[in-house]
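Below you'll find the structure, written out as structure tokens, and then a few comments.
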Amino acid sequence: MHLPRVPLFVLIAPLLMGAANAPADRQPTAPASVVSASNPDATPIPVEALYYTRRAYGPAWSPDGREVAFTTDLTGRPNLWKVSADGGWPIQLSVSDDREEGAAWSPDGRWIVYQSDRGGNEMWDLYAVPATGGTPVRLTDTPEVAESDPRWSPDGTQLLIGYKPKAASVADIAVFDWRTRQTRVIVHEQSRDHRWVPVAWAPDGKSVYANRIDASFTGSEIYRIEVASGAARKLTPAGEKALAMATAVSPDGRTLLLSSNARNGITNVALMDVASRKLRWATDTGWEAAAGDFSPDGRSFTYVVNTDGRAEAYVAPLAGGPARRLAFSSGMVAPGAAPGAFSPDGGRLLVSYENSQHPADLWVYDLAGDKPRQLTHSAVASLRPERIPEAQLVHYRSFDGSLISAYLWMPYNLERDGSHPAVVLPHGGPTGQTKDYFNALAAALASRGYICIAPNVRGSTGYGAAFENANYQDFGGGDLKDAVHAARFMVDTGYADPRKVGITGGSYGGYLTLMAIGRTPDVWAAAVSQYGIIDWLAMLEHSDPLLREYEISKLGDPVKHRQVYVASSPITYLKDARAPLLVLQGDNDIRVPREEAEQVVRSMQRHGQTVAAHYYPDEGHGFMKRENRVDAIRRTLAWFDKYLKHAGGQP
42 MHLPRVPLFV
52 LIAPLLMGAA
62 NAPADRQPTA
72 PASVVSASNP
82 DATPIPVEAL
92 YYTRRAYGPA
102 WSPDGREVAF
112 TTDLTGRPNL
122 WKVSADGGWP
132 IQLSVSDDRE
142 EGAAWSPDGR
152 WIVYQSDRGG
162 NEMWDLYAVP
172 ATGGTPVRLT
182 DTPEVAESDP
192 RWSPDGTQLL
202 IGYKPKAASV
212 ADIAVFDWRT
222 RQTRVIVHEQ
232 SRDHRWVPVA
242 WAPDGKSVYA
252 NRIDASFTGS
262 EIYRIEVASG
272 AARKLTPAGE
282 KALAMATAVS
292 PDGRTLLLSS
302 NARNGITNVA
312 LMDVASRKLR
322 WATDTGWEAA
332 AGDFSPDGRS
342 FTYVVNTDGR
352 AEAYVAPLAG
362 GPARRLAFSS
372 GMVAPGAAPG
382 AFSPDGGRLL
392 VSYENSQHPA
402 DLWVYDLAGD
412 KPRQLTHSAV
422 ASLRPERIPE
432 AQLVHYRSFD
442 GSLISAYLWM
452 PYNLERDGSH
462 PAVVLPHGGP
472 TGQTKDYFNA
482 LAAALASRGY
492 ICIAPNVRGS
502 TGYGAAFENA
512 NYQDFGGGDL
522 KDAVHAARFM
532 VDTGYADPRK
542 VGITGGSYGG
552 YLTLMAIGRT
562 PDVWAAAVSQ
572 YGIIDWLAML
582 EHSDPLLREY
592 EISKLGDPVK
602 HRQVYVASSP
612 ITYLKDARAP
622 LLVLQGDNDI
632 RVPREEAEQV
642 VRSMQRHGQT
652 VAAHYYPDEG
662 HGFMKRENRV
672 DAIRRTLAWF
682 DKYLKHAGGQ
692 P
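Given below as structure tokens:
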């Protein structure tokens, strides 16, 4: 993959920016304006080219700034690797059949700590590998507790970690002693509907910062916690129902960098004086902005603005004044997460970049010279960007007049004759958002003639608190109608055949797929559900306790609001489904257990409907192993080819 070399920074308006561009400024896209471009070189992209393309993520600088540790699935498994900061072939640090991520270098540079689970079960344990290579050391072995998100203390003697008991609906904060290998919980959450997320150590090593988040993800608070005593001091205003998420503390310990939607429901970036707890807003954009990391000298910080699913990254001076934008083609530009986005000398910045035609890679920026340099190369040689239909950002009106944003993949060389198959791709969450990421499934489908659309239905993030909360006690209601209108938009372009429309998604996207074929059976000709929910009441019994609290926060008390659960469950409507359904499920999924998939199959078989299922014994919530991802996409393509493309659609 090669991107044109561009100047790193473009000077923008003053740091306190006006909302000249915001969700309210969007306009509907005329369906007739959508065009299938001519491309004589377009052919179906081989599945191998898409799924042998790697991902690189989770980078961390070595203390001397000479190397970068990161996670990549170069071997088909997300394992830990490192590479010279000057580039070159990466070195594999660990070999495991399971995923490994969250690399954190020890301050002396001798060790890299990371987390790994087993078969996708999300019961994370901590490991350490010598930075120069060697046998990984297992630091924790706790089948009933997940330890995650390790952060080294300044003196290298302790690790700040997240601590989640398997049977609990809460997640606590703990410290792990590097010398004794003992874990001590310093925050014991008493409310069943909150969890703690570690942020950073104070520079003196005596206290830490953490975010306390409610189950609905609509409210969070920032705390400073004394390590010795566990005494916690709340830094955000008392009684304030808002999101406030710290990401970094300045090197002098005086300032917190955070994101908050307290001002107007739109998440923006702020700086908190730790002593006075006063906020100074750093952004005032109509789109949501997320805080990043401080430079080593504390004079600047990073943040990202999410503009309708496309991210722009900025570096801003702490003292105020103009911020500078990292100039890239549209897509997802994100500096590395705190701590460690900046190199130890402050002269370089780790950045991840991807879009619909380029898979995620890591880049190193020379800040003084404005020179970006690609560090990893994820795409295989046969995956040329010009063969991949580019995702187009479109907007359409839904049933109640709400404007919905969506990403549309239009295949090359189509006639506007209303004969082509189309697929709706609802995202997971529902507290999530489809962005301009590299989407291998959409690329595979679009290169084979399927028009694809991924709508950000109500309940999605990225468009403010009101839109995110618009699905309260209405799962499978307004959001499903938004998805139906996405299908209509494709038909209205004049390209798609209304008899050849399918739907597929994972997690909540899988749930919406099941709701769609049961509640709006006339719209869909085929469907593929990956680890989708069929019965919200059953989920209360089988799902991870933390996810149960999230469910209750969105649907209400299951006793008082039982009818809401029934009305929101696909099992209520699945008897009316006519679309053939393929179900794909991981055996180790703690979020949407296998029982949900089995219930889907039993229900459809009982009613004489067409259904098939495949279970992956070594996967959890989402498929991580390359051979399973390849198998899942092959099954999905074959299913849609049979029931959409070649069968001419179902009546």
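Everything in the sequence shown is counted per the numbering used here, starting at 42 for the first residue and increasing by one. Using N, Cα and C, we set each Cβ at its ideal position, and we do this for glycine too. On a predicted model such as this, the values are computed, not experimentally measured, just so you know.
- DSSP places Q646 in the helix class (H, G or I) of the three-state scheme.
- When the Cα atoms are used, F681 and W322 turn out to be separated by approximately 49 Å.
- Where I445 is concerned, the enclosing beta strand (DSSP E) starts and stops at 444-450.
- Counting only unbroken stretches of 3 or more residues, the beta strand (DSSP E) elements lying wholly within the region 202-259 are 213-218, 224-228, 235-242, 248-255, in sequence order.
- Around the Cβ of Q133, a 10 Å sphere holds fewer than 16 other Cβ atoms; the residue is exposed.
- Membership of E329 in the beta strand (DSSP E) is indicated by the continuous run 329-335.
- Here the alpha carbon of V532 sits roughly 14 Å from the alpha carbon of G490.
- Using a Cβ distance threshold of 7 Å, I631 and D585 count as a contacting pair.
- Burial check for P658: the Cβ neighbour count within 10 Å stays below 16, so the residue is exposed.
- Taking all protein chains shown into account, S370 has fewer than 16 neighbouring C-beta atoms within 10 Å of its C-beta and is therefore exposed.
- Residue state for F681 is assigned as helix, using DSSP reduced to three classes.
- Within the same chain, G160, G161, N162, G661 come within 6 Å of N629 by CB-CB distance, once the 5 residues on both sides are set aside.
- Residue E427 holds the alpha-carbon nearest to the alpha-carbon of S79 among F335, A316, E427.
- F479 carries a coil assignment under DSSP once its states are collapsed to helix, strand and coil.
- The closest CA to that of T343, considering only D325, R366, D349, is found on R366.
- Within the same chain, Cβ atoms closer than 6 Å to the Cβ of W450 are found at P430, A432, A483, A487, C493, the five residues on either side in sequence being excluded.
- Looking at L391, E590, V464, A481, the one whose alpha-carbon comes closest to that of P87 is A481.
- With a beta-carbon spacing of about 11 Å, A209 and V226 fall beyond the 8 Å limit used to define contacts.
- Restricted to the region 544-597, the alpha helix (DSSP H) segments that are unbroken, complete and at least 4 residues in length are 549-560, 577-583, 586-596, listed in chain order.
- Assigned with DSSP and collapsed to three states, E353 falls in strand.
- Comparing alpha-carbon positions, the option among D139, R667, S135 lying closest to W152 turns out to be S135.
- In this structure R222 touches L180 by the C-beta definition: roughly 6 Å separates them, less than 8 Å.
- Membership of V605 in any beta strand (DSSP E) is not indicated; the residue belongs instead to the alpha helix (DSSP H) covering 603-608.
- Residue state for S370 is assigned as coil, using DSSP reduced to three classes.
- Taking the Cα of V542 as reference, the smallest distance to any Cα among R619, T502, K666, L596 is reached at R619.
- Ranked by Cα distance from P496, the options N454, G271, T475, K616 are led by T475.
- With fewer than three CB-CB distances shorter than 8 Å, the region 664-673 does not count as touching the region 604-621.
- The Cβ atoms of D523 and I445 sit closer than 7 Å to each other.
- By a beta-carbon distance limit of 8 Å, V211 contacts E230. Their separation comes to about 4 Å.
- When rounded, the separation of the alpha-carbon atoms in D114 and E108 is 19 Å.
- Contact check for G106 against D149 fails: the beta carbons are separated by 7 Å or more.
- In the DSSP assignment, F111 falls within the unbroken beta strand (DSSP E) covering 108-113.
- Contact annotation, V186 with L167: C-beta distance approximately 11 Å; criterion of less than 8 Å not satisfied.
- For the 7 Å CB-CB criterion, I558 and E637 do not form a contact.
- Collapsing the DSSP output to three states places P539 in a strand.
- An exposed status is given to N454, since fewer than 16 other beta-carbon atoms sit within 10 Å of its beta-carbon.
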